[in-house]
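Worksheet for the structure shown next.
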Amino acid sequence: MPATPALLDDDGCYRALAARDARFDGRFFTGVITTGIYCRPVCRVRTPLRSNCRFFCDAAQAEQAGFRPCLRCRPELAPHYSPWSLPWSLHDASATLAEQAARLLDEPGGWGEQAEGPALPRLAGRLGVRDRHLRRIFEARFGVSPLQYLQTRRLLCAKQLLTDTDLPVADVALASGFASVRRFNTVFCGHYGMPPTRLRKSLPAAARGVATVRLGLRPPYDAQAVMDFLARRAVPGVEQVVGGEYTRTACIPSAQRQHTGWFSVRIDSGAHQAVLLAGDGLRGALPTLIRRVRHLFDLDADPQAIDAVLDGDFPGGDGLRVPGTIDGFELAVRAVLGQQITVAAARTLAGRLAERFGEPLATPHGDLVRLFPTAQALAAAGSDALGRLGRGCQYFCV
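Below is the structure:
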């Protein structure tokens, strides 16, 4: 099993670890054989001896080798990275298939407890192959089986929720894909050698009812450019950017339920993190919300790859990212509304659409009072009602 990423040798990994270089956060993990613990390259503990270090591409590899996650640097906070990624023209079919399977396993919607049985054939069926073939190429590519990879994702998610929120352990188990608290306790204790409750922290009274989680990112990150982009396109009543903080309403599916509420995000550049606050209505959908926020703010991007493309064309553009979305349908609607009109006009039309067809929602943020319209609501709307909203909405009438 290749333990070191293809783009970094052991010596390069150790130099990045010794420098605590945040640009390499999530690119590799370091297992220390004298402690049995694996860390991010940004960990603030004393740098271990080179001879005691083992380097891994992914947290699942480190855990498969018998290492436990560090309680100080917390590997679950690291931005995601695939050191196996190559240009599509250089990929073979097996590598493409294995990486697509990994991306599907990263999605919290597929973390149900049944994943330890029927879900692997279902995943293979979705990719158009047999489960035995999928397991073989996945292990060849990542060094662990799909189920080992999935279990690491679920346990690290649970670890973050236990540490950062006051969610009951039963809710943490459910949100992380476990069918029962008993099963969750058994797996957690067996894997990490401690009960889940040991990670519980005393949260301040002000944090009760609002979950605060930190999401790692790789510097540099041009937070101002991202916030300016989102501010210019903020849909009235649904989202806003005030004082460098992005806030919006959302409907997030999780565990066969629809969770509605609000969340906000600000970038802590000094700590190389995004700070996510989620209202009570969205706490039950935190794993899915975290995944979508990472996509919205492009937190898993490789800034060196971006800079290599932009170098010379955008002087001084270090840290530029490509903002994403929290919902594919919403993005499609806004793309249609923006056809042949200005950004400001498209924003106005989206606000009218939300006011007319969005579900009302009470939030502590006075200007945020509606959810973005669902596909069902727009499908049920009459052509006359859509047409009256203005030019651009007529595209929904065909």
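Residue numbers (my numbering): 48 to 445.
Virtual Cβ for every residue (Gly too), placed ideally from N, Cα, C.
Just how far apart, CA to CA, sit residue i and residue j?
i, j, result
"alanine 162", "leucine 433", "Unreliable positioning characterises alanine 162 in this predicted model, as indicated by a pLDDT of 43, which lies under 50. A coordinate reading is not provided."
"leucine 425", "glycine 375", "15 Å"
"cysteine 117", "leucine 124", "11 Å"
"glycine 240", "aspartate 213", "22 Å"
"proline 165", "phenylalanine 419", "Per-residue confidence for proline 165 stands at a pLDDT of 49, beneath the threshold of 50, marking its modelled position as unreliable; no derived number is given."
"cysteine 86", "leucine 144", "29 Å"
"isoleucine 373", "phenylalanine 344", "10 Å"
"alanine 65", "arginine 119", "16 Å"
"serine 316", "phenylalanine 75", "21 Å"
"alanine 253", "arginine 179", "Summary for alanine 253: the model assigns pLDDT 49, below 50, so the residue's position carries little reliability; its value from the coordinates is reported in the next sentence. Cα to Cα, the separation comes out at about 50 Å."
"proline 350", "alanine 272", "14 Å"
"isoleucine 353", "valine 228", "43 Å"
"glycine 83", "valine 369", "38 Å"
"glutamate 146", "arginine 188", "8 Å"
"arginine 173", "leucine 277", "34 Å"
"glutamine 305", "serine 192", "31 Å"
"leucine 54", "arginine 70", "Its pLDDT being 46, under 50, leucine 54 is placed unreliably in this model, and the coordinates cannot settle the point."
"proline 126", "aspartate 414", "32 Å"
"arginine 399", "alanine 422", "16 Å"
"glutamate 406", "cysteine 236", "43 Å"
"arginine 265", "alanine 348", "8 Å"
"valine 289", "glycine 175", "46 Å"
"glycine 291", "glycine 371", "18 Å"
"methionine 274", "alanine 355", "23 Å"
"leucine 357", "leucine 367", "9 Å"
"leucine 221", "arginine 435", "44 Å"
"leucine 246", "glutamine 207", "9 Å"
"threonine 81", "histidine 238", "18 Å"
"leucine 346", "phenylalanine 404", "31 Å"
"cysteine 104", "phenylalanine 310", "32 Å"
Just reading off the beta strand (DSSP E) that residue i is part of, what are its end residues?
i, result
"serine 311", "304–315"
"tyrosine 128", "It is not in any beta strand (DSSP E) - tyrosine 128 carries neither H nor E in the DSSP assignment."
"leucine 324", "320–325"
"isoleucine 446", "What is shown of the chain runs 48 to 445, which leaves residue 446 out entirely."
With C-beta atoms as the reference, is residue i less than 8 Å away from residue j?
i, j, result
"glutamine 61", "arginine 97", "For the record, residue 61 in the displayed sequence is tyrosine; it is not glutamine. A contact, by the Cβ cut-off of 8 Å."
"glycine 78", "phenylalanine 114", "yes"
"valine 219", "leucine 203", "no"
"valine 282", "arginine 394", "yes"
"valine 257", "glycine 331", "no"
"leucine 329", "alanine 302", "no"
"alanine 391", "arginine 381", "no"
"alanine 106", "proline 122", "yes"
"leucine 417", "valine 285", "Residue identity check: residue 417 is arginine in the sequence provided, not leucine. Yes. Within cutoff."
"leucine 151", "glycine 159", "no"
"threonine 259", "aspartate 211", "yes"
"arginine 341", "leucine 262", "yes"
"proline 267", "aspartate 139", "no"
"threonine 335", "isoleucine 388", "no"
"tyrosine 196", "alanine 149", "yes"
"arginine 201", "aspartate 153", "no"
"leucine 181", "leucine 170", "yes"
"isoleucine 337", "leucine 324", "no"
Have a look at the DSSP bridge pairing and note the partners of residue i.
i, result
"proline 407", "Arg417"
"phenylalanine 102", "Thr77"
"serine 301", "Arg304"
"aspartate 72", "Phe75"
"proline 116", "Tyr85"
Which residue marks the beginning of the alpha helix (DSSP H) containing residue i, and which one marks its end?
i, result
"cysteine 60", "57–66"
"threonine 143", "140–153"
"glycine 175", "No alpha helix (DSSP H) holds glycine 175; DSSP gives it neither H nor E."
"valine 383", "375–384"
"histidine 342", "333–343"
"alanine 426", "422–427"
"glycine 434", "430–434"
"valine 356", "350–357"
Taking 7 Å as the cut-off, is the CB of residue i close to at least one heavy atom of the ligand COA?
i, result
"threonine 372", "Although the ligand COA was asked about, the structure shown includes no ligands whatsoever."
Unbroken alpha helix (DSSP H) runs of length 4 or more, entirely within the stretch 249–299: which are they? Qualifying alpha helix (DSSP H) stretches, in chain order: 270–279.
Can you list the alpha helix (DSSP H) stretches of 4 or more residues lying completely in the stretch 182–251, in chain order? When DSSP assignments are scanned along the stretch 182–251, the uninterrupted stretches of alpha helix (DSSP H) that are 4 or more residues long and fall wholly within it turn out to be 193–211, 216–222, 228–239.
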